[in-house]
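In our numbering, the protein residues as written are -17 to 243. Take a look at the structure below.
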Ligand SMILES: NC(=O)c1ccc[n+]([C@@H]2O[C@H](COP(=O)([O-])OP(=O)(O)OC[C@H]3O[C@@H](n4cnc5c(N)ncnc54)[C@H](O)[C@@H]3O)[C@@H](O)[C@H]2O)c1
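Right, dumping it as structure tokens:
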């Protein structure tokens, strides 16, 4: 069998619909592009309209299939509406990527309660909302695959980002629990844990001391590039290559979570 056909059989997404929540952002945007280049029709779903339109246009310029819809993961009616938009494309949604996320950092004693609630509501409850609503649709329509965004903080609590760290530990726990519950319904659920990729939600936290700490603890001594997440994401989302992978976590972090000194 020619190599291209073999790889297409393992990792191809032709005929599939993939919804990337938070797809207007840096990391979700890269995964959306990767999924489209692997053949999926990608639906960019985000709370911000202009970046949705731009991401969509970029994918279409590359010859991919993409559309967009607004979503607020904290609002279940909006999640249902986004599901309906995506399901109308081809009758069902095959893949869901949860890449929406917000962050905030301060000393613990100054950490505002409203920031805690805001972050938990988007990062953790938002993931619950989308997994439950899309997971039900997938379970009723022959199965599907969910990829949630954890973080280094899912594994190690990093200083100052108290709400974010707790939310991402929760996302990993929730993903694994969903994986168990939906395994026999044909729905797989996995987690990708990126290391440090400068983006909108974390750029303001990267002061000189934090950057030195990050680089000192990263064996590869650099930040990640968003495209470096695509391979791991396609593996976990793919129907064929990833068919026995559920409740798994892949860290893409230059070795950060493997290094202690
Ligand atoms: N950048 C990193 O270094 C890094 C590391 C580990 C994990 N992550 C996680 O990766 C994911 C993507 O982050 P990013 O770095 O691309 O950040 P980003 O800020 O570029 O993207 C996040 C996206 O989430 C969207 N969003 C925010 N609130 C929303 C809501 N209520 N409903 C729907 N969408 C909403 C934003 O509009 C934005 O487009 C997040 O879950 C983040 O926590 C990022």
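C-beta: ideal position from N, C-alpha, C; glycine also.
Beta-carbon within less than 8 Å of residue i's beta-carbon, same chain only, minus the 5 sequence neighbours each way: which residues are those?
i           : result
residue 73  : 123
residue 215 : 13, 16, 17, 79, 129 and 174
residue 239 : 134, 137, 138, 175, 177 and 233
Closer than 7 Å: is that where the CB of residue i sits relative to any heavy atom of ligand 1?
i           : result
residue 225 : no
residue 70  : no
residue 65  : no
residue 30  : yes
residue 184 : yes
residue 200 : no
residue 3   : yes
residue 104 : yes
residue 139 : no
residue 117 : no
residue 96  : no
residue 8   : yes
residue 128 : no
With a threshold of 16 other CB atoms inside 10 Å of the CB of residue i, please say whether the residue is buried or exposed.
i           : result
residue 249 : Since the first and last residues shown for the chain are -17 and 243, residue 249 lies out of range.
residue 186 : exposed
residue 37  : buried
residue 146 : buried
residue -12 : exposed
residue 116 : buried
residue 28  : buried
residue 35  : exposed
Residues in the same chain with beta-carbon distance under 7 Å from residue i, minus the five sequence neighbours each way, listed in chain order, please.
i           : result
residue 42  : 48
residue 236 : 177, 200, 201, 202, 204 and 206
residue 152 : 106
residue 109 : 80, 130, 153 and 156
residue -6  : 20 and 21
residue 197 : 203
Does any residue of chain B have a CB that is nearer than 8 Å to the CB of residue i?
i          : result
residue 61 : Looking for chain B here will not work: only one protein chain is present.
Based on Cα-Cα distance, which residue from the options lies nearest to residue i?
i           : options               : result
residue 204 : 50, 77, 179 and 143   : 179
residue 182 : 7, 54, 172 and 51     : 7
residue 58  : 233, 113, 219 and 167 : 113
residue 143 : 53, 88 and 51         : 88
residue 227 : 139, 165, 5 and 135   : 165
residue 127 : -4, 24, 40 and 0      : 0
residue 208 : 10, -16 and 137       : 10
residue 195 : 132, 35, 5 and 140    : 140
residue 23  : 191, 98, 44 and 31    : 44
residue -8  : 90, 219 and 190       : 219
Apart from the five residues just before and just after residue i, which ones in its own chain have a Cβ nearer than 6 Å to its Cβ?
i           : result
residue 149 : 101, 102, 105 and 106
residue 69  : 75
Can you determine whether any heavy atom of ligand 3 sits closer than 7 Å to the C-beta of residue i, and answer yes or no?
i          : result
residue 56 : The model depicted lacks ligand 3 and carries ligand 1 instead.
**Prompt:** What are the uninterrupted segments assigned as beta strand (DSSP E) that are 3 or more residues long and contained completely in the segment 194 to 237, given in chain order?
**Reply:** 231 to 234
**Item:** Runs of alpha helix (DSSP H) lying entirely within the segment 67 to 103, each at least 4 residues, in chain order
**Value:** 95 to 101
**Asked** Where are the beta strand (DSSP E) runs, 3 residues long or more, that stay fully inside the segment 115 to 194, in chain order?
**Response** 126 to 131 and 169 to 176
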